[in-house]
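Undergrad:
Chains as they are written, first to last, in our numbering: chain A, 1 to 114; chain B, 1001 to 1113.
(1) Using 8 Å as the limit for Cβ to Cβ distance, is residue 1104 of chain B near chain A?
(2) Got a sec, what are the start and stop residues for the beta strand (DSSP E) residue 92 of chain A sits in?
(3) Is the Cβ of residue 1097 of chain B closer than 8 Å to any Cβ of chain A?
(4) Output needed for residue 63 of chain A: all residues of its chain with C-beta closer than 7 Å, excluding positions within five of it in sequence on either side, in chain order.
(5) Taking only beta carbons into account, state which residues of the region 12–25 of chain A come closer than 7 Å to chain B, listed in chain order.
(6) Check whether the Cβ atoms of residue 90 of chain A and residue 108 of chain A lie closer than 8 Å to each other.
(7) State the start and end residues of the unbroken beta strand (DSSP E) segment that holds residue 83 of chain A.
(8) Does the separation of the CB atoms of residue 1011 of chain B and residue 1019 of chain B fall below 8 Å?
(9) Could you name the residues of the same chain whose beta carbon sits closer than 7 Å to that of residue 26 of chain A, not counting the 5 residues immediately before and after it, in chain order?
(10) If we ignore side chains and look at the alpha-carbon of each, how far apart do residue 92 of chain A and residue 35 of chain A end up?
(11) Here's the rule: buried if 16 or more other CB atoms are within 10 angstroms of the residue's CB, otherwise exposed. What is residue 1094 of chain B?
(12) Does the region 1031–1038 of chain B come into contact with the region 1056–1075 of chain B, if we say contact requires no fewer than three beta-carbon pairs (one atom in each stretch) closer than 8 Å?
(13) Does residue 12 of chain A pass the burial test, meaning 16 or more other C-beta atoms within 10 Å, or should it be called exposed?
(14) How about residue 106 of chain A and residue 1092 of chain B: are their beta carbons less than 8 Å apart?
(15) Of the residues A:49, A:104, A:40, which one's Cα is nearest the Cα of residue 61 of chain A?
(16) Please classify residue 1106 of chain B as buried or exposed, where buried requires at least 16 neighbouring CB atoms within 10 angstroms.
(17) So, under 8 Å CB-CB, residue 1021 of chain B and residue 1103 of chain B are touching, yes? Tell me the CB distance rounded to an integer number of Å.
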């Protein structure tokens, strides 16, 4: 069975600084997607960034980038120039290609200090 | 523009009193999902609809049912809520089963007294 592990329940970062959230996963599949979702307090979960496992190049979306290490089954999220609006719960997630089920990690709560 | 709408945002019910949560979408997506998210935990998939085809997760209690009368709407019925069913319930959609991106609603927070 696939699992997703986020070992950092909470992280904090100073505004304008960089922070990295960790995620590891376990799967026997070769084709899959990995995601980082952001869930602000009392607001809906939104997709931050996604990575296809067959792509070696790390995905980037503005201030958000990932470090995808397929062999190590590691998928970390780097947030550069952190802003107050980045404060949220961040979920790492996995989905097998062609599958319908998304498996989420337990989440990392990110605090941003002014 | 809201794309996945959940009503109500907050729902209080009594132990054992049936409750229905509502989800609607303006995306015309084929797939709709219901997740249960307990405090400080990951969302857990309860079931999903692909069009009218209903798929239940093996560990979803029988107490939880769902209806999808049309493409836009999906309901979660909890027949006899217990204290352990207090949680945030998230609705999500995707264009197809193989589409990787899901769009989430804001959730309904259910309190059971």
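Just so it is clear, CB atoms sit at the ideal spot from N, CA and C, and this is done for glycine as well.
TA: Considering the structure as presented:
(1) Position 104 of the second chain, counted from the start, is the residue given in the question as residue 1104 of chain B. Closer than 8 Å to some Cβ of chain A, the Cβ of residue 1104 of chain B qualifies, so yes.
(2) Here residue 92 of chain A refers to the residue found at position 92 of the first chain. Run containing residue 92 of chain A: 88–96, per the beta strand (DSSP E) assignment.
(3) Counting from 1 along the second chain, the entry for residue 1097 of chain B is found at position 97. True, the Cβ-Cβ gap to chain A drops below 8 Å.
(4) Walking along the first chain from the start, residue 63 of chain A turns up at place 63. Hits under 7 Å: 79, 80, 81.
(5) none
(6) On the first chain, residue 90 of chain A is found 90 positions in, with the first residue counted as 1. On the first chain, residue 108 of chain A is found 108 positions in, with the first residue counted as 1. It is a contact, given that the beta carbons lie within the stated cut-off.
(7) Within the first chain, residue 83 of chain A is the residue found at index 83, counting from 1. First-last for residue 83 of chain A: undefined, no H or E at that position.
(8) Counting from one through the second chain, the residue named residue 1011 of chain B turns up at place 11. Counting from one through the second chain, the residue named residue 1019 of chain B turns up at place 19. Yes, Cβ-Cβ distance for residue 1011 of chain B and residue 1019 of chain B is below 8 Å.
(9) Walking along the first chain from the start, residue 26 of chain A turns up at place 26. So the list reads 2, 3, 73, once near-sequence residues are dropped.
(10) Position 92 of the first chain, counting from 1, holds the residue named residue 92 of chain A. Position 35 of the first chain, counting from 1, holds the residue named residue 35 of chain A. So the two alpha carbons sit approximately 6 Å from each other.
(11) Numbered from 1 along the second chain, position 94 holds the residue referred to as residue 1094 of chain B. Buried, by the Cβ-count rule.
(12) yes
(13) As a working mapping, residue 12 of chain A is identified with position 12 in the first chain. Classification of residue 12 of chain A: exposed, given that the 10 Å Cβ count is below 16.
(14) To locate residue 106 of chain A, count along the first chain from 1; it is residue 106. To locate residue 1092 of chain B, count along the second chain from 1; it is residue 92. It is not a contact, given that the beta carbons lie outside the stated cut-off.
(15) Here residue 61 of chain A refers to the residue found at position 61 when the first chain is read from its first residue. The shortest C-alpha separation from residue 61 of chain A is found at A:49.
(16) Taking the first residue of the second chain as position 1, residue 1106 of chain B is located at position 106. Classification of residue 1106 of chain B: buried, given that the 10 Å Cβ count is 16 or more.
(17) Stepping through the second chain from its first residue, residue 1021 of chain B is reached at position 21. Stepping through the second chain from its first residue, residue 1103 of chain B is reached at position 103. That belief does not hold up - the Cβ atoms of residue 1021 of chain B and residue 1103 of chain B are roughly 17 Å apart, past 8 Å.
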